[in-house]
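So in the numbering used here, spot 217 of the sequence shown is number 237, and the numbers just go up one at a time. Every residue gets a Cβ at the ideal spot worked out from N, C-alpha and C, and that includes glycine.
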Amino acid sequence: MKVRVAQRKMFLAGKWVTRDQTITVTNPENNEAIATVPAATKEDMLEAVQAAKKGAVVSAKLPVFKRIEIIQLAADFIEEQQEDFAVTIALEGSKTIREARKEVARCIQTLRISAEEGRRLEGKTIPFDQSSGNENRLGYYSLFPIGIIGAITPFNDPLNLVAHKIGPAVASGNAIIVKPATVTPLSALKLADAFSQAGLPDGILSVITGRGSEVGDTLVTHPDVRMISFTGGLETGTEIAKKAGLKKLSMELGSNSPVIVLNDANLNQAVDSTVSGAFWAAGQNCLGVQRIYVEKDVFERFTAQFVEQTKAYRKGSKLFDSTDMGPLINEREAIRVEKLVNEAIKQGATLACGGNREGAYLEPTVLTNVPPNATIAKEEIFGPVVLLFAVNSLQEAIERSNDVNYGLQAGIFTNHLQAAFEAIQRLDVGGVMVNDSSDFRIDSMPFGGVKGSGLGREGVKYAIQEMTEPKVVCFNL
Ligand code: NAD
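Structural data, given as structure tokens:
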């Protein structure tokens, strides 16, 4: 489909603005330009922060019923234009139209949950008389917004991961400046439009399009920005954490998630779920299944079934309903992943299927016999490649699952309660899914990782905890 190159504006404190310098957004499927967005400068970001100072005051004073009303209206706006939002995600990113539609539905949910959580910004009374001498004291704490939040988001869920920051920020009375991924800014701009149409007062939200190293840096280091809520890779997250100084940090980083399949598992269920978990969004999913540890008695059967289903996966144009998997975000990324695969094969891995690349498209790829210390087995692949390992026991599966620098989520397929509990206790991750793949998530659960997978939790209610501070009040009667 030939698409007109639209000149998109960015959302600076309630105003839609253009700039002479622009960034071209392209469709990774064919490299066609689909839109341009302003290449914001440091000055633009400073202006957004200045406006957010006033915005934070307005936001904090906005009564909760009004915040709820605005967030619900933004969700209604998206609901009315669901297909338009889905096409935007599918054009600028890697997702197929079916995957994009699911993301839009999730975004609406995230906003509706945010509105509901607005009602639950609750504090507690404190029994001050628990220490002697305070018999006459009475008090409580309540939650106060932190002020200005800087949000930096990745390309792979360009709408819902932005909603996971804006929804909780508005619900809890903060101002927020979003720096969306440079390659996928259009979905975030549409989300800003939804909030603007919903009547969000000026200054509470800005979406500043630009390059991470330039505008991102200004946001991260600005002393008036009280929190950085970052979702992205470990390397960028580490760099940001070093520069941010005395601020709250929420770091939702990458992973190379493990799934364990035991002898007693329902193999059909395990294969269906792990194939989908490995190749969703062409494997560009922080929760994506990367390493599968299968008990040796069922390893051959599991592998045969897994490879058969993988081969049935249809790569193709993202806007066709029949397409199962789209391209990676660009050709450079596809080449990077292809190299990791070839390097593993040189080190002794067996290519069970896939491995061929055409432009930004890489076939869904399955590797077995990967040496445990190969880069591909230790680092995050972030592409449509999955590694299958035979293991002797649950113990070995758990130890190997943990033997990496990441820990976002894990999955285990078994019907043995005891085995499931052992995995839950010992897996070093932020979430364990029993009889589901590592990529299972709902938007209201606490979500985040340990080790190199990050700091803090998202999942509306938990994001609100990070975005507020308790203020203690004590009456000396
Ligand atoms: P990335 O780290 O390259 O970029 C993320 C964001 O940071 C982008 O907006 C980018 O422009 C910005 N950025 C880059 N350099 C910066 C700098 N110096 N200062 C400030 N901002 C800067 O990540 P990506 O390639 O967009 O996304 C993929 C990564 O995100 C993967 O590692 C994936 O696992 C992770 N991810 C994590 C989660 C989660 O919730 N844990 C969700 C989705 C993606």
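- Checking the DSSP bridge columns, you'll see Leu348 has no partner listed.
- Counting the other CB atoms within 10 Å of its CB gives Arg87 a total of 16 or more, which places it among the buried residues.
- Our two residues, Gly236 and Ala95, have alpha carbons roughly 27 Å apart in a direct line.
- In the three-state scheme derived from DSSP, where H, G and I count as helix and E and B as strand, Phe319 is classed as helix.
- Residue nearest to Val492 within the set Ser162, Arg246, Gln429 and Glu52 is Ser162 (criterion: CA-CA distance).
- Judged by the Cβ position, Ala201 qualifies as a neighbour of the ligand NAD at the 6 Å threshold, a heavy atom of the ligand being closer than this.
- Around the Cβ of Asp104, a 10 Å sphere holds fewer than 16 other Cβ atoms; the residue is exposed.
- Spanning the alpha carbons of Arg139 and Arg352 requires a straight line of approximately 45 Å.
- Between the ligand NAD and the CB of Thr256, the shortest heavy atom gap is smaller than 6 Å.
- DSSP assignment within the segment 385–424 yields the following whole beta strand (DSSP E) runs of 3 residues or more, N-terminal first: 385–388 and 405–411.
- Counting along the chain, the unbroken beta strand (DSSP E) around Asn47 starts and ends at Thr42 to Asn47.
- Taking Leu408 as the centre and dropping the five residues before and after it, the same chain places the C-beta of Ile312, Thr323 and Thr388 closer than 6 Å to its C-beta, in chain order.
- Counting C-beta pairs closer than 8 Å gives fewer than three between the segment 327–338 and the segment 444–459, which falls short of the contact rule.
- Using a Cβ distance threshold of 7 Å, Ala483 and Val452 do not count as a contacting pair.
- Residue nearest to Gly346 within the set Leu307, Leu266 and Ile109 is Ile109 (criterion: CA-CA distance).
- Ala208 carries a helical assignment under DSSP once its states are collapsed to helix, strand and coil.
- Note on Gly153: under 16 other CB atoms within 10 angstroms of its CB, so exposed under the neighbour-count rule.
- Between the alpha carbons of Glu363 and Lys199 lies a gap of roughly 35 Å.
- Put simply, the backbone Cα of Ile365 is about 26 Å away from that of Ser413.
- Look at the segment 62–120 and you find these whole runs of alpha helix (DSSP H), each 4 residues long or longer: 62–81, 84–100 and 102–112.
- Here Phe495 carries a strand assignment [DSSP, helix/strand/coil].
- The alpha-carbon of Asp177 is positioned some 53 Å away from that of Asn156.
- Of the residues Asn435, Ile91, Val279 and Glu378, the one whose Cα lies closest to the Cα of Asp213 is Ile91.
- Counting the other Cβ atoms within 10 Å of the Cβ of Trp300 gives 16 or more, which makes it buried.
- Proximity to Thr173 across Ile186, Pro165 and Gly167 peaks at Ile186, based on C-alpha coordinates.
- Going by beta carbons, Gly450 and Gly468 fall inside the 7 Å limit.
- Take the alpha-carbon of Glu383 and the one of Ser296: they are about 14 Å apart.
- Phe441: member of the alpha helix (DSSP H) spanning Leu437 to Arg446, first to last residue.
- Boundaries around Leu254 are those of the alpha helix (DSSP H), Leu254 to Ala264, since no beta strand (DSSP E) includes it.
- Distances from the CA of Arg446 to each of Ile462, His436, Asn422 and Gly403 were compared; the closest alpha carbon is that of Asn422.
- When rounded, the separation of the alpha-carbon atoms in Ile54 and Gly113 is 11 Å.
- The three-state reading of DSSP puts Ile365 in helix, counting H, G and I together.
- Scanning its chain for C-beta atoms nearer than 7 Å, with the 5 sequence neighbours on each side dropped, one finds around Gln325 the residues Leu287 and Val291, in chain order.
- The beta-carbon distance between Ala410 and Ile280, rounded to whole angstroms, is 12 Å. This is too long to meet the 8 Å contact definition.
- Put simply, the backbone Cα of Ala71 is about 20 Å away from that of Pro83.
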